[in-house]
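Note that the sequence shown ends on residue 394 in this note's numbering; no numbers are left out. By construction, the Cβ of each residue, glycine as well, lies at the ideal position given by its N, Cα and C atoms.
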Amino acid sequence: MNNKTKATWMLAAALSLMLAACSSERAAEPPAPTESPKPAETPKPTDSPKTVESKKSSALSGDSSVVPAPPATSVNSESAKDAKTEKETKEAKAKETKETKETKTTKDKPNTSEPADKQSQLSGTAGAVNDNGKAGASGPKNPAAAVTGGKTKEPPAAGTGDRKALSWYYMKKPKGQVPNFPAETKNYTKDMKALWVGTGKKVYLTIDTGGPLGDIDTLVKSLKDNKVKANFFIAGYNVKKNPDFIRTLVADGHLIANHTMTHTDMNTQTDEQVRKEIEDYEKLYKDVTGKDIQPYFRFPYGRYNMHLLKMVSDMGYTSVFWSTAMRDWEPRKNGAEDPYNDIMNNLHDGNIILMHQGSPENIQALDKIIKAVKKAGYEFALLSDIEPPK
């Protein structure tokens with residue numbers, strides 16, 4: 005190696021050492037500081053939504069509350085339970101009908117020349133009942149038509165004039181005071197016989213059986229043990245179902261009144277159907293008891309119109325409404341305490357009490373109710389003894 009080559013090599017080596025030193029020094033330096041991200045701001049607390057106290061929708065609590073008539077779809081706790089089954093049955097039938105229609109051939113098409121009144125029957129589902137006296141899909145679509153030989157005449161147009169559909173209710177006042185009643189009562193004429201409250205220290209216990217008969221033995225025993233006479237409005241199909249019960253009530257001195265054969269909303273019926281419902285009941289009662297029916301009548305569900313009120317009056321009946329009622333077509337949240345409180349908190353002179361026999365809570369509370377009403381200074385009486393306000 006000559007001197008020139010040797011010098012070149014040494015120069016290259018020195019440069020390499022210098023570069024290595026620089027790299028080592030740079031690698032040892034800390035990285036340039038970077039700005040750390042600002043911590044996310046904690047959102048300012050916001051006011052929690054104010055809790056809105058829900059108002060109870062029950063029409064039976066508080067003064068001046070409106071107490072409606074029972075709905076025309078269920079009359080008592082048992083029929084309320086049947087509603088779910090009825091809905092499921094209808095849905096199943098609807099599905100089956102749809103499947104059937106899809107598989108039909110052209111020759112199965114309905115005869116379009118069939119009269120409209122035969123193609124579409126008057127439903128009357130509001131008061132439909134089956135053989136057990138329960139509301140349900142298995143009952144006749146038009147029970148009123150069933151008692152009039154299956155005729156399917158449509159009722160007169162409702163909602164106008166004296167056929168405007170009405171539903172009984174009252175407006176509670178403080179305990180001990182007689183409630184207010186519907187404005188239409190002021191339009192009742194002298195030939196529209198009706199009762200909804202009496203006078204004096206008398207209470208008129210009226211028991212409706214438009215649904216199941218319930219615990220008959222406990223009912224009869226509670227009345228007998230307390231020496232109380234009650235007023236019964238029993239649907240005709242229940243009279244047929246248990247005639248011995250009717251005979252027992254008559255023997256014990258209770259008043260049995262007309263509540264129609266099928267317990268159907270009479271606004272959905274023709275005049276002919278209404279008359280037959282009432283007249284057939286008269287005949288059935290006579291056959292079962294050997295006595296004439298008492299001249300008192302109650303519209304199923306408290307639903308009526310001015311035309312029907314006059315028509316029933318012309319047939320010799322006084323229509324009986326009420327001044328105390330409760331939602332006893334539904335299960336009671338607090339059991340027998342609910343009907344007891346409903347009645348005692350609205351107790352007043354001439355009180356016409358409506359309770360449904362099909363409510364088990366009513367029957368459980370009856371003995372306690374009777375004793376408390378008597379202790380409050382009232383006596384139980386029959387409608388035949390009532391003196392309405394003048």
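Decide if the region 367 to 379 is in contact with the region 339 to 349; the criterion is three or more beta carbon pairs, one per stretch, under 8 Å apart.
yes
LYS168 (DSSP reduced to helix, strand or coil):
coil
Around the Cβ of LYS138, are there at least 16 other Cβ atoms within 10 angstroms (buried) or fewer (exposed)?
A caution first: LYS138 carries a pLDDT of 35, below 50, which makes its placement in the model unreliable, though a value can still be read off. By the 10 Å Cβ count, LYS138 comes out buried.
CB-CB length for TYR308 against THR322, believed under 8 Å:
Contact annotation, TYR308 with THR322: C-beta distance approximately 13 Å; criterion of less than 8 Å not satisfied.
Segment limits, alpha helix (DSSP H) that includes ILE220:
220 to 229
Which complete alpha helix (DSSP H) runs does the region 233 to 304 hold, if anything under 4 residues is left out?
240 to 245, 247 to 255, 275 to 293
Sub-7 Å separation of HIS360 and ASP212 beta-carbons
yes
Here's the rule I'm using: 16 or more other beta-carbon atoms within 10 Å means buried, otherwise exposed. How should ASP269 be labelled?
buried
I'd like the list of long-range same chain contacts for ARG251, defined as Cβ closer than 8 Å, with 5 residues on each side in sequence excluded.
VAL292, THR293
Does DSSP classify HIS352 as helix, strand or coil?
In the structure shown, HIS352 adopts coil according to DSSP, grouped into three states.
Same chain, Cβ closer than 7 Å to ILE390, neighbours up to 5 away in sequence not counted
LEU199, GLY202, TYR208
Between GLY214 and HIS263, which are expected to be in contact by the criterion C-beta below 8 Å, what is the C-beta distance as a whole number of angstroms?
7 Å
Is ASN355 closer than 7 Å to LYS176 when the C-beta atoms are compared?
no
SER317 classed as buried or exposed, judged by whether at least 16 other C-beta atoms fall within 10 angstroms
buried
Between TYR344 and LYS206, which are expected to be in contact by the criterion C-beta below 8 Å, what is the C-beta distance as a whole number of angstroms?
No, TYR344 and LYS206 are not in contact; Cβ-Cβ is about 20 Å, not under 8 Å.
CA-to-CA distance, ALA255 to LYS225, given in whole angstroms:
Roughly 13 Å between the two C-alpha positions.
Counting along the chain, where does the alpha helix (DSSP H) carrying ILE373 start and finish?
Annotation: the continuous alpha helix (DSSP H) that includes ILE373 extends over 364 to 379.
If you run the structure through DSSP and keep just helix, strand and coil, what is ASN184?
It is a strand residue.
Return yes when the Cβ of TYR289 is within less than 7 Å of the Cβ of ILE282, no when it is not.
no
For ALA239 and LEU217, what's the separation of their Cα atoms in angstroms?
10 Å
Endpoints, the beta strand (DSSP E) within which MET175 is located:
173 to 175
Compute the beta-carbon to beta-carbon distance between THR210 and PHE237, rounded to the nearest angstrom, for a pair I have assumed lies under 8 Å.
6 Å between Cβ atoms; contact.
Could you give the DSSP three-state label for MET14: helix, strand or coil?
helix
Three-state secondary structure (DSSP) at SER323?
strand
Tell me the rounded alpha-carbon separation between TYR192 and ASN184.
16 Å
Answer with buried or exposed for SER388, where buried requires no fewer than 16 other C-beta atoms within 10 angstroms of its C-beta.
exposed
Which residues does DSSP list as the beta-bridge partners of ILE211?
PHE236, MET359
Would you please verify whether the beta carbon of PRO343 is less than 7 Å from any beta carbon of chain C?
The structure shown contains no chain C; it holds only a single protein chain.
Closer than 6 Å by C-beta to ALA261: which residues in its own chain qualify, once you throw out the five before and the five after it? Chain order, please.
Result list for ALA261: PHE237, GLN298, TYR300, in chain order.
By Cβ distance below 6 Å, which residues in the same chain neighbour PRO74 in space, the five residues on each side in sequence not counted?
The answer, listed in chain order, is TYR305, TRP333.
Would you mind reading off the limits of the alpha helix (DSSP H) that contains ASP318?
310 to 318
Using the Cα positions of PHE249 and LYS194, report the straight-line distance between them to the nearest angstrom.
36 Å
Spatially closest choice to PHE384 from ASN242, LEU312, GLY204, by CA coordinates
From the listed residues ASN242, LEU312, GLY204, the smallest Cα separation to PHE384 is found for GLY204.
Looking at C-alpha atoms only, which residue of VAL70, SER171, ASP166 is the closest neighbour of VAL324?
SER171
If the criterion is Cβ atoms closer than 7 Å, does the pair LEU358 and LYS233 meet it?
no
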